[in-house]
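Inspection log for the structure reproduced underneath, given as structure tokens.
2 protein chains.
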Amino acid sequence: MKENKNILLAEDDENLGKLLKSYLQAKGFGVELARNGKIAYELFNNTKHHFDLLVLDVMMPEMDGFTLGSEVRLLDRKVPLLFLSAKSMKEDKLKGFDVGADDYITKPFSMEELLARINAILKRTELHQKNVQEKIHVGKIEYEPELSVLHLNDGVKKLTTKENMLLRLLVQNQNELLDRQAALRAVWGDDNYFNGRSMDVYIAKLRKLLKEDSNIEIMNVHGVGFKLLVKQ
Amino acid sequence: MKENKNILLAEDDENLGKLLKSYLQAKGFGVELARNGKIAYELFNNTKHHFDLLVLDVMMPEMDGFTLGSEVRLLDRKVPLLFLSAKSMKEDKLKGFDVGADDYITKPFSMEELLARINAILKRTELHQKNVQEKIHVGKIEYEPELSVLHLNDGVKKLTTKENMLLRLLVQNQNELLDRQAALRAVWGDDNYFNGRSMDVYIAKLRKLLKEDSNIEIMNVHGVGFKLLVKQ
DNA sequence: TTGGCGTGTTAAAAATGGTTAAGTTTTCTG
DNA sequence: CAGAAAACTTAACCATTTTTAACACGCCAA
Chain S
65 MKENKNILLA EDDENLGKLL KSYLQAKGFG VELARNGKIA YELFNNTKHH FDLLVLDVMM
125 PEMDGFTLGS EVRLLDRKVP LLFLSAKSMK EDKLKGFDVG ADDYITKPFS MEELLARINA
185 ILKRTELHQK NVQEKIHVGK IEYEPELSVL HLNDGVKKLT TKENMLLRLL VQNQNELLDR
245 QAALRAVWGD DNYFNGRSMD VYIAKLRKLL KEDSNIEIMN VHGVGFKLLV KQ
Chain G
65 MKENKNILLA EDDENLGKLL KSYLQAKGFG VELARNGKIA YELFNNTKHH FDLLVLDVMM
125 PEMDGFTLGS EVRLLDRKVP LLFLSAKSMK EDKLKGFDVG ADDYITKPFS MEELLARINA
185 ILKRTELHQK NVQEKIHVGK IEYEPELSVL HLNDGVKKLT TKENMLLRLL VQNQNELLDR
245 QAALRAVWGD DNYFNGRSMD VYIAKLRKLL KEDSNIEIMN VHGVGFKLLV KQ
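For the record, the sequence lines run as chains S and G. The first sequence runs 65 to 296 under this note's numbering. The second sequence runs 65 to 296 under this note's numbering.
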């Protein structure tokens, strides 16, 4: 049960990025380095990856750290965020916490301090940790997002790509709102009218699949999004 | 509507302690001030008190902050701890996180920063406590806000998004005034003329639903708002 | 007491969503 | 590579939810 933790590091300064990456790897973490916010978002949104913590530089080209943080928050309300900033400015800190930062550290910082903060965050989120992405129970139904497979009464159902991406988002936000626009951007990469209807079609498909467990419901929040309700 | 959060503040510097206490009280927190670690421990251990967060100065007579933190951890594995320290020394920080700190802030710090960190901690602990699918009794009627469901005589009534949001607000302010503008901002995100009329329409809908129990009444307070009256 | 503004209520209009099925594109497979 | 199968999108139609409109009534201050 060694399961080492995975960190997504978004840092545009190549030297600093590589330095941090190898330091954290030496400490036993799995580290993916993204050189800007857009790449980081795509990595986060890529089904193949699961991250336990995001370390985001505030100042980056393409998409700054705060914007990235907010977008990520729409997809996953719980994943811990740690911001790196050159400025120690008050407004920046406040903005960071507003986005839902779990911590905030100003450059320059020592590697040990970063490590201490990372460990502190992971320690306190550990208790509430979701299963390490092998098998997830949604009500009575077993779901394996990595294999994109649902275990139903009448056997194993292989999900299609879009079914799986959407269900994964819903499950990550179980009993919480999944924002419509955020889901469209995450699954369809865009949020125009027809994609919207396409998503509705997929919601209908998922409802059919999940109706085997009557305690599961995909509830619509009018004009805002969907909520995967699992009665306890 | 807002059950305000309680903070236990352990700080031996009388000036700083009182300053922080009154600042946090002004921000809506309940604050108990203890002038050393021993008193703080006794306050915490006194079952009459419930604290949502402990703010502990590291350097205190009788019992230092870290010791206090460890002792408290033995009683409660989850209660959030935030340490205040004059030193920014690395070892101190590490020790703090080792004790299970949720955050660590070095003096001098601004009040805003402390507040931001407190709110950040409370926000993320709130997430883990939320999602309780509780059943609330409104008079004789059972209401499940998370499922947006009312249990009426002739079966279960599924509420629409807006019905649920508005009813939830009313119930949270049961027998107290729900301010009109506040409700509009909370449910409609805006408070222009037409939203106002939309809200009136929803009040009418809710009245119809709730008239099953004659002890329940949604009363209008002219020009100010509504009050959900439940006679005992 | 009266006029204006706020509220109660119902109904029609507009927006959003649920679902099925027909089209289109992509992927698989021989 | 062609044909079939699967995946995905678009269309259509209907249902539900929300907003807007309209009119009646009530409260309250001048």
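Heads up, the beta-carbon is just placed ideally off N, CA and C, and yes, glycines get one too.
Item, Value
"Residue-level contact to chain S via CB, Thr225 of chain G, 8 Å cutoff", "yes"
"According to DSSP, residues forming a beta bridge with Tyr168 of chain S", "S:Phe147"
"For Gln296 of chain S and Gln238 of chain G, believed in contact at Cβ under 8 Å, the rounded distance", "Not confirmed; about 24 Å, so no contact."
"is_contact[Gln296 of chain S, chain G] using C-beta, thresh 8 Å", "yes"
"Within-8 Å CB hit, Ala184 of chain G to chain S", "yes"
"Beta strand (DSSP E) segment containing Asn284 of chain G, residue limits", "Ile280 to Val285"
"Residue range of the beta strand (DSSP E) that includes Phe290 of chain G", "Gly289 to Val294"
"Continuous alpha helix (DSSP H) assignments of at least 4 residues falling wholly in the segment 242-283 of chain S", "244-252 and 257-274"
"For Pro144 of chain G, the nearest candidate out of S:Glu106, S:Ile185, S:Asn109 and S:Asn110 (CA to CA)", "S:Ile185"
"Pairwise C-alpha distance: Val122 of chain S and Met229 of chain S", "28 Å"
"Of the listed residues S:Trp252, S:Lys275 and S:Asn259, nearest to Asn217 of chain S (C-alpha basis)", "S:Lys275"
"Met124 of chain G, buried or exposed, once every other Cβ within 10 Å from all chains shown has been counted against 16", "buried"
"Pair within 8 Å by beta-carbon distance, Leu72 of chain S and Leu107 of chain S", "yes"
"Through-space distance from Val294 of chain S to Asn279 of chain S, alpha-carbon basis", "6 Å"
"Supposed contact pair Asp116 of chain G and Lys69 of chain G - C-beta distance, whole angstroms, cut 8 Å", "4 Å"
"Start and end residues, beta strand (DSSP E) containing Asn70 of chain G", "Asn70 to Ala74"
"8 Å Cβ cutoff, Leu293 of chain S in contact with chain G", "yes"
"Closer than 8 Å at the beta carbon, the chain G residues around Asp166 of chain S", "Ala184 and Arg188"
"Per DSSP, cross-strand counterpart(s) of Val122 of chain S", "Per DSSP, none; premise fails for Val122 of chain S."
"Rounded separation between Ile200 of chain G and Leu214 of chain G - CA only", "10 Å"
"Test: Leu84 of chain G CB closer than 8 Å to a CB of chain S", "no"
"Contacting positions in the segment 194-214 of chain S - beta carbon closer than 7 Å to chain G", "none"
"Neighbour flag for Val119 of chain S against chain G, beta carbons, 8 Å", "no"
"Beta-carbon proximity list for Glu78 of chain S, same chain, < 6 Å, skipping 5 on both sides", "none"
"Any C-beta of chain G under 8 Å from that of Val285 of chain S", "yes"
"Spatial distance of Ile282 of chain S from Leu234 of chain G (CA atoms)", "26 Å"
"Environment of Tyr257 of chain G [buried if 16+ CB atoms lie within 10 Å]", "exposed"
"Top-ranked residue by Cα proximity to Asp128 of chain S, from S:Asn109, S:Asp140 and S:Ile103", "S:Ile103"
"Beta-carbon contacts of Leu241 of chain S that lie in its chain and below 7 Å, excluding the five residues immediately before and after", "Val285, Val288, Gly289 and Lys291"
"Asp140 of chain G, buried or exposed, once every other Cβ within 10 Å from all chains shown has been counted against 16", "exposed"
"Spatial neighbours of Asp167 of chain S in its chain, beta-carbon cut-off 7 Å, leaving aside the 5 residues before and after", "Leu146, Arg181 and Ile185"
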